[in-house]
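Take a look at the structure set out below.
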Amino acid sequence: MIRYAVAIFLSAFLVFQVQPLIGRFILPWFGGGPAVWTACLLFFQVLLLGGYTYAHLLRRQPVRRQVVVHVALLTLSLLLLPITPNEAWKPDSPLHATTNILGLLLVTVGAPYTLLAAASPLLQSWFATAHPGRSPYRLFAVSNAGSLLGLLTYPFVVEPWLRLREQTGHWSIAYVVAAVAVGACGLAATRRVGAPTEGPRASVSSPRLATRLTWITLSACGSALLMASTNQMGQEVAVVPFLWVVPLALYLLSFIICFDHDRWYVRRLWAPLLVVALAAAVVMLHRQLGNDRPRIVYQVLVFSAALFVGCMCCHGELARRKPPVRWLTSFYLLVALGGALGGFFVSVVAPLVFAGYWEYHLALLATAVIMAACWRPWRSERVLWRGLGRVTVAGGCAALVLSLGLHVYGAQRGASVTKRSFYGVLRVYVRNRDTPNEIKSLWHGQICHGEQFTRPDRVRWPVTYYAAGSGIGLVTAQHPARGGPGGGDGLHVGVIGLGTGTIAALAEPGDTVRFYEINPQVVELAQSEFSFLRDSSADSEIIIGDARLSLQRTLDDGIRPFDLLVVDAFSSDAIPVHLLTREAYELYWQHLASDGVLALHISNLHLDLRPVVRGLVAGGDRRAVMVTNEENIDAAVMSADWVLITSNERMLRVLDPVADPAFEEETWVVEWTDDFSNLLGVLQ
36 MIRYAVAIFL SAFLVFQVQP LIGRFILPWF GGGPAVWTAC LLFFQVLLLG GYTYAHLLRR
96 QPVRRQVVVH VALLTLSLLL LPITPNEAWK PDSPLHATTN ILGLLLVTVG APYTLLAAAS
156 PLLQSWFATA HPGRSPYRLF AVSNAGSLLG LLTYPFVVEP WLRLREQTGH WSIAYVVAAV
216 AVGACGLAAT RRVGAPTEGP RASVSSPRLA TRLTWITLSA CGSALLMAST NQMGQEVAVV
276 PFLWVVPLAL YLLSFIICFD HDRWYVRRLW APLLVVALAA AVVMLHRQLG NDRPRIVYQV
336 LVFSAALFVG CMCCHGELAR RKPPVRWLTS FYLLVALGGA LGGFFVSVVA PLVFAGYWEY
396 HLALLATAVI MAACWRPWRS ERVLWRGLGR VTVAGGCAAL VLSLGLHVYG AQRGASVTKR
456 SFYGVLRVYV RNRDTPNEIK SLWHGQICHG EQFTRPDRVR WPVTYYAAGS GIGLVTAQHP
516 ARGGPGGGDG LHVGVIGLGT GTIAALAEPG DTVRFYEINP QVVELAQSEF SFLRDSSADS
576 EIIIGDARLS LQRTLDDGIR PFDLLVVDAF SSDAIPVHLL TREAYELYWQ HLASDGVLAL
636 HISNLHLDLR PVVRGLVAGG DRRAVMVTNE ENIDAAVMSA DWVLITSNER MLRVLDPVAD
696 PAFEEETWVV EWTDDFSNLL GVLQ
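Under the numbering used here, think of the first position of the sequence shown as 36, with each following residue one higher.
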């Protein structure tokens with residue numbers, strides 16, 4: 036068994052190591068949002084299904100033919116190495132992002148991943164043939180252990196020490212080793228082709244259709260809960276491998292525990308744990324709507340606990356229903372089908388059908404209903420327990436439906452417009468209706484991305500983070516390019532992140548403002564629901580697409596350098612990390628005038644980005660100063676932390692009197708690069 040265990044472990048290790056690796060590689064290409072990772076998860080689940088289908092079909096052939104075909108395909112797949120994504124796949128448009136991601140992944144890792152995915156069921160089948168009477172299901176636990184180790188080593192070992200291209204190179208070398216290990220197992224299996232099989236085929240009845248549908252349903256429920264939980268957590272903090280790995284690792288751990296031995300899954304223990312976990316998740320959802328929102332650490336803990344308990348129940352019931360060895364590949368195929376269906380629902384169907392992230396609510400509810408159907412407490416032999424079981428299940432499901440419904444209502448209440456896309460959920464609210472202080476606001480998740488008074492005498496007021504007394508307000512008002520002695524003809528401003536277009540209210544005649552916005556729906560709402568862009572006296576244009584890619588493409592276009600470049604591209608509080616790396620910083624200054632100003636908006640509930648910004652300017656000849664303005668609720672002014680980076684002495688003399696001296700005095704420095712960014716180090 037050791038030979039097979041090693042080959043299966045290594046194959047599974049590489050299967051789950053490549054997921055965060057490739058996801059991390061292409062994340063900056065598609066805007067850095069959580070939907071990038073869910074699209075990757077969908078792809079890998081579908082290819083896992085493809086690998087299991089291939090193994091199931093191949094198993095119908097004689098063992099020798101199986102080995103020859105599989106080894107031949109492994110050999111041909113070596114021609115596709117290394118798995119470094121081709122930069123020709125970088126998108127020219129933010130449209131059809133999911134389709135582009137799936138195409139890129141298929142070309143880059145499709146064949147190697149499918150063959151690795153097929154290794155576990157195929158090698159288990161070979162082992163069962165070579166060693167009749169010995170259960171291969173322990174090898175499934177070995178496979179999941181390899182998967183778990185592959186996941187956990189990526190954020191803590193691989194990512195901190197290896198650059199991305201080194202990672203793809205090392206993975207490719209390990210793939211060759213895995214191919215050799217699988218070939219060795221195939222050779223061993225062919226030598227025992229004459230060994231007796233598990234017994235007459237007629238003695239093992241085929242699993243009923245209801246059993247097969249149960250396999251699919253339980254697997255789909257666990258998969259949907261995984262992806263919906265990942266989406267839920269990804270909305271509140273930066274999308275990085277660590278927050279991909281935690282949910283997926285818990286998902287795999289539940290498989291390992293449940294398929295290791297039946298003693299680990301005991302209904303009497305996990306049933307009450309599921310009730311507690313679901314209740315905690317619902318309470319956390321409601322707390323997110325309040326003003327006193329929990330710290331991200333607590334959110335991750337609660338949602339992760341609910342995910343793990345839910346998956347333990349789904350996969351525990353799945354393990355209780357595993358078939359005899361003869362139906363092994365069929366079982367794995369249907370489990371993979373369920374996983375793909377759950378992933379398809381969350382990644383493709385939900386964004387088209389739901390206005391919010393309601394798939395998480397449905398996943399919680401589905402877990403409760405499916406577990407109740409599996410446990411069937413109302414069928415107890417004791418009359419008292421039967422009645423109590425009916426009341427408990429009915430009451431519990433009703434309470435869950437009511438609580439989740441109230442959360443959906445609370446999240447939607449007051450929204451005049453709601454839109455959801457690949458990049459998240461946008462809502463427009465109107466507060467203080469029919470009063471002098473009536474104001475319209477744009478929200479992405481739990482964070483306001485701009486407001487505007489509706490009264491004609493206030494409609495042009497710069498509000499929220501762009502008030503006249505804010506850091507960005509001071510720069511636009513007193514930048515030397517405004518005119519006057521030594522000044523120019525007007526400001527040339529670049530803005531990464533459109534929001535409601537509030538910064539256009541700070542512009543004056545002669546200024547030009549170029550916005551970079553990745554989400555077409557933000558552009559639509561800024562133009563239809565808000566009037567900052569229409570009312571502005573400056574010339575403005577909007578470039579739709581990822582800001583870094585757009586800036587990179589226009590380096591040689593001879594465009595006038597920016598006097599001011601503003602970076603305010605938050606998604607909820609989930610910061611696109613690729614906009615705060617050393618490479619991004621250098622690109623910004625290739626577009627800025629030598630005496631220009633780079634303005635970074637770093638207000639954040641969960642992350643302390645000050646050391647990251649200090650890391651950008653460390654060792655350079657530019658200064659970074661931080662200006663924080665006070666909140667003024669009556670004027671719709673929010674407190675905002677702006678870090679302004681420049682070598683312009685005139686500008687610095689304006690900013691120094693209002694700058695926070697502690698920012699420059701602190702010595703904690705963190706440097707992020709495209710190859711490395713440690714989110715854990717800056718969590719608040």
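Where is the CB? At the ideal position from N, CA and C, for every residue including glycine.
Tell me the DSSP secondary structure of residue i in three-state form.
| i | result |
| --- | --- |
| Asn-554 | coil |
| Ser-629 | strand |
| Phe-711 | coil |
| Trp-703 | coil |
| Leu-526 | coil |
| Gly-545 | coil |
| Leu-199 | helix |
| Asn-667 | strand |
| Glu-720 | Any property of residue 720 remains undetermined from this structure, which presents the chain solely from 36 to 719. |
| Thr-499 | strand |
| Leu-615 | coil |
| Ala-263 | helix |
| Leu-533 | coil |
| Val-648 | helix |
| Val-24 | Because residue 24 is not part of the residues shown, which for the chain are 36 to 719, the question remains open. |
| Ile-43 | helix |
Determine the closest residue to residue i out of the options, with distance taken between C-alpha atoms.
| i | options | result |
| --- | --- | --- |
| Thr-119 | Ile-57, Trp-72, Leu-397 | Ile-57 |
| Val-693 | Asn-639, Glu-665, Gln-481 | Glu-665 |
| Tyr-23 | Pro-282, Leu-184, Leu-115 | Any property of residue 23 remains undetermined from this structure, which presents the chain solely from 36 to 719. |
| Val-212 | Leu-509, Glu-543, Phe-48, Val-672 | Phe-48 |
| Val-217 | Val-102, Leu-679, Pro-329, Ala-123 | Val-102 |
| Val-41 | Val-662, Ala-214, Ala-433 | Ala-214 |
| Ser-178 | Thr-499, Pro-497, Phe-290, Ala-512 | Phe-290 |
| Leu-614 | Ile-594, Leu-586, Ala-516, Ala-398 | Leu-586 |
| Arg-173 | Leu-108, Leu-363, Ile-538, Arg-303 | Leu-363 |
| Phe-351 | Val-404, Arg-685, Val-301 | Rather than Phe, the amino acid found at residue 351 in this sequence is Gly. If we check each option's Cα against that of Gly-351, Val-301 comes out closest. |
Taking the C-alpha atoms as reference points, what is the distance between residue i and residue j?
| i | j | result |
| --- | --- | --- |
| Asp-11 | Arg-200 | For residue 11 there is no data in the structure shown, the boundaries of the chain being 36 and 719. |
| Ala-540 | Val-71 | 33 Å |
| Val-705 | Ile-637 | 14 Å |
| Glu-618 | Gly-631 | 18 Å |
| Pro-117 | Gly-181 | 22 Å |
| Phe-175 | Leu-187 | 18 Å |
| Asp-469 | Val-652 | 48 Å |
| Pro-359 | Leu-308 | 30 Å |
| Gly-234 | Arg-361 | With a pLDDT of 44 at Gly-234, under the threshold of 50, the predicted position of this residue should be treated as unreliable, and no value is reported. |
| Trp-677 | Val-510 | 10 Å |
| Leu-288 | Trp-496 | 53 Å |
| Arg-247 | Gln-625 | 59 Å |
| Trp-124 | Gly-269 | 24 Å |
| Thr-663 | Glu-700 | 16 Å |
| Ser-241 | Asp-710 | 51 Å |
| Gln-54 | Leu-260 | 18 Å |
| Asp-669 | Pro-471 | 11 Å |
| Phe-698 | Val-660 | 7 Å |
Provide the residue(s) that pair with residue i in DSSP beta bridges, ordered along the chain.
| i | result |
| --- | --- |
| Val-460 | Arg-455 |
| Glu-684 | The partner list for Glu-684 (beta bridge, DSSP) is empty, contrary to what the question assumes. |
| Trp-250 | According to DSSP, Trp-250 bridges with nothing at all. |
| Gln-487 | Lys-475 |
| Ala-634 | Val-601, Leu-679 |
| Met-661 | Val-678 |
| Leu-642 | Leu-718 |
| Met-331 | For the record, residue 331 in the displayed sequence is Ile; it is not Met. Ile-331 is not bridged to any residue. |
On the CB-based measure, 16 or more other CB atoms within 10 Å of its CB, does residue i come out buried or exposed?
| i | result |
| --- | --- |
| Arg-569 | exposed |
| Ala-371 | buried |
| Leu-83 | buried |
| Thr-249 | buried |
| Leu-599 | buried |
| Tyr-444 | exposed |
| Ser-575 | buried |
| Tyr-620 | buried |
| Phe-51 | buried |
| Gly-536 | buried |
| Trp-707 | buried |
| Val-384 | exposed |
| Tyr-189 | buried |
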